[in-house]
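Below is one structure, written out as structure tokens, with a few remarks after it.
Numbering (UniProt numbering), first residue to last: 1 to 205.
Listed below in structure tokens is the structure:
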């Protein structure tokens, strides 16, 4: 998995420049490699299976005594904990709801940390992507939500999410920015020239 190159990041910044000429909205984009390392998930699965599997052997076969059972549980835990740390396996152990919850939390932290809640007229917009979770979210401040219903972003998010799933992150950003720009120019047209927040793509590697 690779994040966008410098030239691709510049294309995103240029796209933001273009739409902000026609709207008072302040658009910021964030691309995260992943929202969490989920280190606790493999340990939880390893602990659960290490307790259940050796116990099942004892129950069905009576092969192990108590001391052998404890040793088998420790060995099973050690092996499974190492095995489940492999990224290809870890990604399958984390429930989708947990992945999206972590990504959503990161998006909200970024909205605050990037001062999108402190713009003139409360017109901040965050376009957030967490690549590993295939998660996309558009967050807007009150100056935008008071004029554009949040449902307007749902189809844009759905399209972008599908593009992330296919590895088309750059094109997804460009299409999303352009489509959002059309909505913003219509409902929140530019009244004066300003650029409160940087237009560069924020990358969380």
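We put the CB at the ideal spot given by N, CA and C, even for glycine.
Query - Span separating the alpha-carbon of residue 33 from that of residue 205 - result: Approximately 5 Å between the Cα atoms of the pair.
Query raised in the report: Where are the beta strand (DSSP E) runs, 3 residues long or more, that stay fully inside the region 123-195, in chain order?
Result: Counting only runs of 3 or more, we get 124-130, 135-140.
**Report entry** Chain-order list of residues whose beta-carbon lies under 8 Å from that of residue 1 (same chain, five-residue window excluded)
**Finding:** Here residue 1 scores only 47 on pLDDT, less than 50, and its place in the model is too uncertain to base an answer on.
Report task. Return the CA-CA distance between residue 186 and residue 157, expressed in angstroms with no decimal places. Result -> The straight-line gap separating the alpha-carbon atoms of residue 186 and residue 157 is approximately 19 Å.
Query raised in the report: Near residue 13, what residues of its chain come up, given a Cβ to Cβ distance below 7 Å and the 5 sequence neighbours on each side ignored?
Result: Take residue 13, set aside five residues on each side of it, and the residues of its chain with a beta-carbon closer than 7 Å to its own are 199, 200, 201, in chain order.
Report task. Drop a sphere of 10 angstroms on the beta-carbon of residue 97, count the other beta-carbons inside from all chains shown, and report buried for 16 or more, exposed for fewer. Result -> Label assigned to residue 97: exposed.
Report task. Could you tell me the distance, in whole angstroms, from the CA atom of residue 161 to the CA atom of residue 174? Result -> When rounded, the distance between both Cα atoms is 13 Å.
Query - Straight-line gap, residue 125 to residue 4 (C-alpha atoms, nearest Å) - result: Pairing residue 125 with residue 4, the inter-Cα distance amounts to about 21 Å.
Query raised in the report: Helix, strand or coil: how does DSSP classify residue 94 here?
Result: In the structure shown, residue 94 falls within a coil segment according to DSSP collapsed to helix, strand and coil.
Query raised in the report: Just curious, the alpha helix (DSSP H) that residue 13 is in, first and last residue?
Result: Residue 13 -> alpha helix (DSSP H) spans 6-20.
Query raised in the report: Under the three-state reduction of DSSP, which class applies to residue 101: helix, strand or coil?
Result: DSSP, read as helix, strand or coil, puts residue 101 in helix.
Requested in this report: Taking all protein chains shown into account, decide if residue 82 is buried (16 or more other Cβ within 10 angstroms of its Cβ) or exposed.
Outcome: Burial state of residue 82 is exposed, judged by a 10 Å Cβ sphere holding fewer than 16 other Cβ atoms.
Query - Backbone CA spacing between residue 113 and residue 30 [nearest angstrom] - result: Those two C-alpha atoms are separated by around 12 Å.
**Report entry** Closer than 7 Å: residue 192 CB and nearest the ligand FMN heavy atom
**Finding:** Although the ligand FMN was asked about, the structure shown includes no ligands whatsoever.
Requested in this report: Check residue 53 in the structure and name its three-state DSSP category.
Outcome: If DSSP states are grouped into helix, strand and coil, residue 53 belongs with the helices.
Query raised in the report: Which one of 85, 22, 137, 118 has the shortest CA to CA distance from residue 107?
Result: Residue 137 is the option with its Cα nearest to residue 107.
Query - Cβ-based neighbour list, residue 164, same chain, cut-off 7 Å, excluding 5 preceding and 5 following - result: Once the five neighbours on either side are set aside, the close Cβ partners of residue 164 are 129, 131, 134, 136, 172.
Query raised in the report: Should residue 23 be labelled buried (16 or more other beta-carbon atoms within 10 Å of its own) or exposed?
Result: Counting C-beta atoms within 10 angstroms of its own C-beta, residue 23 has 16 or more neighbours from the protein chains shown and is therefore classed as buried.
Requested in this report: Return the chain-ordered list of same chain residues with a C-beta closer than 7 Å to the C-beta of residue 53, the five sequence neighbours on each side being excluded.
Outcome: Around residue 53: 76.
Report task. Enumerate in chain order the residues of its own chain whose CB-to-CB distance from residue 42 is below 7 Å, with the five nearest sequence positions on each side excluded. Result -> Correct list, in chain order: 81, 84, 85, 90, 93.
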